[in-house]
Amino acid sequence: MIQNRERWGSKLGFILAAAGSAVGLGNIWKFPYIAGENGGAAFVFVYLICIGIIGFPVLISEILIGRTTQKNPVGAFAMLANSKLWRSVGFLGVIAGFMILSFYSVIGGWTIGYVIETLRGSLSDFHNPAEAGILFNQLSGSVLWTISYHTIFFGFTMFIVMRGVQGGIERSSKIMMPILLSILIILMIRGITLEGASKGLAFLWVPDWSKINGQSILIALGHAFFTLSLGMGAMLTYGSYMSKKDSVVNAAAQVVFLDTLIALMAGVAIFTAVFASGLDPAAGPGLIFKTLPAVFASMTGGTFFALLFFLLLAIAALTSAISLLEVVVAYFVDEKEWTRKQAVLIFGGSIYLLGIPSALSFNLMSDLTLYGKTFFDIVDFIASNVLLPFGGLMIAIFVGWVWSRTEVMNAVKEGAESLFESYPWFEGLWFIFLKFIAPVLITVVLLNSLGIV
Ligand code: PFF
């Protein structure tokens, strides 16, 4: 047992750090573009259901495993199940963290790069997305630009994690999350007050069910994992620093609420502006880096709003990146008794190096593909589409079937007695989702990712 293990200073510290992990590029970059490509409101509706029936029950479980064991993913499973199989589930989480952070930092780097380009005035005279696209291709096509900003973004991530749970992660989340929310509110008000904004709002609120098919449901399900940082032990690790006096269910609900609210707010800010400019909402991944710069260029005060927007993206990416690094660091600190500094330098350094081929996938190595996928695409695919759903599946099975129900209930009631007394049906419902609904749906997502169904 490790003495003096670090912990959050307060419940709010946990909520902000966990919401910081959840709210990331997934909310502000990916959610709007997948909603845009899959028909807007109808997709949003399906997504909300996925969050409710899979995201929330699995999030409670993941935080609970961490809070109960007060350990990293490998140590946590070893303590509760003591079998090779479950240890390797924890270990796969550490590997997923390693992989996701490597490419996440490349995009995180772009967001900082765009803050700087906005300040330099490079984004101010576009007439259409095609022109903004030329700049994007030029920047992401430059080895120096991509590697430099990957380095800067990674440097910030390592700096924060090195300062520890309370002094680094909690403290920075308490500063960055309120800034993030304030920026988003400003951008949303700007979007809503543009002429023609109502078409954007209608796109998000008036469903067109013809756009929903098996594929879009699977995209929504897969995204529910990514956006809540589930399936790889990030929430487990953050949960391990949580006090037994606080309610896990309550904390999970607050994280889900904030994550969903922020994704929807980003959707409103972006689609009102895109529709007001008469541009295409289904522009795909380029929506943020190609369509939006053209929108900002045509708006009064556009440079200011572009600056705020890319700052928002950079902050969102950074608070998620630190949670990814923390999973890897916690493993080496807990299990291998490394110091935090050693773990951050050595493993942060290795993750940084693994990110380099991802950064080069947009330039030097763009022709190097396997099954049509670049290095970046492959790492993203294995981690986000295979390892995360697999991890989520195992967590649901573990809490639903393997861990004794009495122990689960004793653990989850710590800090939440009154909730289970006031809502006695909650226990049964949670278990139905964990035992049956989540495993079946996640298995379908996994098989689909692997091309089997
Ligand atoms: N939730 C983050 C996002 O939406 O961008 C991504 C992420 C962070 C995934 C941390 C997994 C993780 F452990």
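Note that this note's numbering has the sequence shown beginning at 184, numbered continuously upward. The beta-carbon is built from N, C-alpha and C at its ideal position, and this holds for glycine as well.
(Q) Using a Cβ-Cβ cutoff of less than 7 angstroms, which residues in the same chain neighbour residue 210 once the five nearest sequence positions on both sides are dropped? (A) As a first step, residue 210 must be located in the sequence shown, where it is residue number 27. Within the same chain, residue 210 has close Cβ partners 410, 442, 445, 446, 449 and 499.
Q. What whole-angstrom Cβ distance do residue 572 and residue 414 have, given they're in contact under 8 angstroms?
A. Here the question's residue 572 lines up with position 389 in the sequence shown. Here the question's residue 414 lines up with position 231 in the sequence shown. Rounded, the Cβ-Cβ distance is 6 angstroms, consistent with contact.
Q.
Closest to residue 218 by C-alpha separation, out of 315, 381, 376 and 386, would be which residue?
A. Taking the first residue of the sequence shown as position 1, residue 218 is located at position 35. Of the candidates 315, 381, 376 and 386, the one whose C-alpha sits nearest the C-alpha of residue 218 is 386.
Q. Under a three-way DSSP split, which group does residue 427 fall into?
A. For the purposes of this step, residue 427 is taken as the residue at position 244 of the sequence shown. In the structure shown, residue 427 sits in coil (DSSP, three-state: anything other than H, G, I, E or B).
Q.
Out of 576, 569, 615 and 510, which one is the CA nearest neighbour of residue 588?
A. Counting from one through the sequence shown, the residue named residue 588 turns up at place 405. Of the listed residues, the one whose Cα sits closest to residue 588 is 615.
Q | Cβ neighbour criterion (16 or more within 10 Å) applied to residue 636 | A | Position 453 of the sequence shown, counted from the start, is the residue given in the question as residue 636. By the neighbour-count rule (16 or more Cβ atoms within 10 Å), residue 636 is not buried but exposed.
Q: Take residue 417 as the anchor and find which of 374, 246 and 491 has the nearest alpha-carbon.
A: Position 234 of the sequence shown, counting from 1, holds the residue named residue 417. Nearest C-alpha to residue 417: 246.
Q: Decide if residue 300 is buried, meaning its Cβ has at least 16 other Cβ atoms within 10 Å, or exposed.
A: Locating residue 300 in the sequence shown gives position 117, where the first residue counts as 1. When all chains shown are included, residue 300 counts as buried.
**Q.** Close Cβ partners of residue 530 (< 7 angstroms) along its chain, the five nearest in sequence each way excluded
**A.** As a working note, residue 530 is residue 347 in the sequence shown. Correct list, in chain order: 511, 512 and 515.
Q. Under 7 angstroms between the Cβ atoms of residue 459 and residue 380?
A. Residue mapping note: residue 459 aligns to position 276 of the sequence shown, counting from 1. Residue mapping note: residue 380 aligns to position 197 of the sequence shown, counting from 1. The Cβ atoms of residue 459 and residue 380 sit closer than 7 angstroms to each other.
Q.
Please determine whether the Cβ atom of residue 568 lies at a distance below 6 angstroms from any heavy atom of ligand 1.
A. The residue given as residue 568 occupies position 385 in the sequence shown. No, Cβ of residue 568 sits at least 6 angstroms from all heavy atoms of ligand 1.
Q. Does DSSP classify residue 154 as helix, strand or coil?
A. Residue numbering for the chain in the displayed model covers 184 to 636; residue 154 lies beyond these limits and cannot be assessed.
Q: Could you say which of 533, 276 and 497 lies nearest to residue 212 if we only look at CA atoms?
A: Translated into positions along the sequence shown, residue 212 becomes position 29. It is 497.
Q: Can you have a look at residue 586 and say buried or exposed, based on whether 16 or more other CB atoms are within 10 angstroms of its CB?
A: Position 403 of the sequence shown, counted from the first residue, corresponds to residue 586. Under this definition residue 586 is a buried residue.
Q | alpha helix (DSSP H) segments (min. 4 residues) lying fully within the stretch 440-480 | A | 475-480
(Q) Which same chain residues end up closer than 8 angstroms to residue 610 when comparing Cβ atoms and leaving out the 5 residues on each side of it in sequence? (A) Against the sequence shown, residue 610 aligns to sequence position 427. Correct list, in chain order: 592 and 603.
(Q) Just checking residue 415 against ligand 1 - is the residue's beta carbon closer than 6 angstroms to any of the ligand's heavy atoms? (A) Looking up residue 415 in the sequence shown gives position 232. Yes - ligand 1 has a heavy atom lying nearer than 6 angstroms to the Cβ of residue 415.
**Q.** residue 588 - containing alpha helix (DSSP H), residue span
**A.** Numbered from 1 along the sequence shown, position 405 holds the residue referred to as residue 588. Per DSSP, residue 588 belongs to the alpha helix (DSSP H) from 588-596.
Q: Answer yes or no: do residue 333 and residue 289 have a C-beta to C-beta separation smaller than 7 angstroms?
A: Here residue 333 is taken as the residue at index 150 of the sequence shown, counted from 1. Here residue 289 is taken as the residue at index 106 of the sequence shown, counted from 1. Contact flag set, yes.
Q: Could you spell out the range, first to last residue, of the alpha helix (DSSP H) harbouring residue 194?
A: Taking the first residue of the sequence shown as position 1, residue 194 is located at position 11. Start and end: 194-205.
Q) By Cβ distance, which residues of its chain are closer than 7 angstroms to residue 568, with the 5 residues on each side in sequence left out? A) Position 385 of the sequence shown, counting from 1, holds the residue named residue 568. Answer for residue 568: 405 and 632, listed in chain order.
**Q.** Extent of the continuous alpha helix (DSSP H) run through residue 373
**A.** Counting from 1 along the sequence shown, the entry for residue 373 is found at position 190. It spans 354-375 - the alpha helix (DSSP H) in which residue 373 sits, taken as one unbroken run.
(Q) Using 8 angstroms as the cut-off, can you tell me whether the stretch 381-401 makes contact with the stretch 454-470, which would need three or more C-beta pairs spanning the two stretches below that distance? (A) Yes: at least three Cβ pairs fall under 8 angstroms.
Q | Spatial distance of residue 329 from residue 534 (CA atoms) | A | Translated into positions along the sequence shown, residue 329 becomes position 146. Translated into positions along the sequence shown, residue 534 becomes position 351. Inter-residue distance for residue 329 and residue 534 is about 16 angstroms (C-alpha atoms, whole angstroms).
Q: Output yes or no for whether 7 angstroms exceeds the beta carbon distance between residue 353 and residue 196.
A: Translated into positions along the sequence shown, residue 353 becomes position 170. Translated into positions along the sequence shown, residue 196 becomes position 13. Yes, Cβ-Cβ distance for residue 353 and residue 196 is below 7 angstroms.
Q. With residue 427 and residue 250 assumed to form a contact (beta carbons below 8 angstroms), what rounded beta-carbon distance in angstroms separates them?
A. Translated into the one-based positions of the sequence shown, residue 427 becomes position 244. Translated into the one-based positions of the sequence shown, residue 250 becomes position 67. Right, the Cβ-Cβ distance comes to about 7 angstroms (below 8 angstroms), so this counts as a contact.
Q) When the Cα atoms are used, what is the spatial distance from residue 306 to residue 360? A) Reading the sequence shown from its first residue, position 123 is the one you call residue 306. Reading the sequence shown from its first residue, position 177 is the one you call residue 360. When rounded, the distance between both Cα atoms is 26 angstroms.
Q: Please confirm whether residue 294 and residue 493 have their CB atoms less than 7 angstroms apart.
A: Start at 1 with the first residue of the sequence shown, and residue 294 comes out as number 111. Start at 1 with the first residue of the sequence shown, and residue 493 comes out as number 310. Yes, the pair counts as a contact, with Cβ atoms nearer than the cut-off.
Q) Looking only at C-alpha atoms, which of 336, 347 and 370 sits nearest to residue 490? A) On the sequence shown, position 307 is the one that residue 490 refers to. If we check each option's Cα against that of residue 490, 370 comes out closest.
Q.
Just checking residue 208 against ligand 3 - is the residue's beta carbon closer than 6 angstroms to any of the ligand's heavy atoms?
A. Within the structure as shown, ligand 3 is missing, the only ligands being ligand 1.
**Q.** Host alpha helix (DSSP H) of residue 245 (start-end)
**A.** Position 62 of the sequence shown, counted from the first residue, corresponds to residue 245. Here the alpha helix (DSSP H) through residue 245 covers 239-252.
Q) Taking the C-alpha atoms as reference points, what is the distance between residue 291 and residue 208? A) Within the sequence shown, numbered from 1, the residue matching residue 291 stands at position 108. Within the sequence shown, numbered from 1, the residue matching residue 208 stands at position 25. Each residue's CA atom was taken as its position, placing residue 291 and residue 208 some 8 angstroms apart.
Q.
For a test of the three-state rule: what should DSSP assign to residue 556, helix, strand or coil?
A. Residue 556 sits at position 373 when you count from the first residue of the sequence shown. It is a strand residue.
Q. To the nearest angstrom, how far is it from the Cα of residue 282 to the Cα of residue 518?
A. Taking the sequence shown and counting its residues from 1, the one referred to as residue 282 is at position 99. Taking the sequence shown and counting its residues from 1, the one referred to as residue 518 is at position 335. Between residue 282 and residue 518, the C-alpha separation is close to 20 angstroms.
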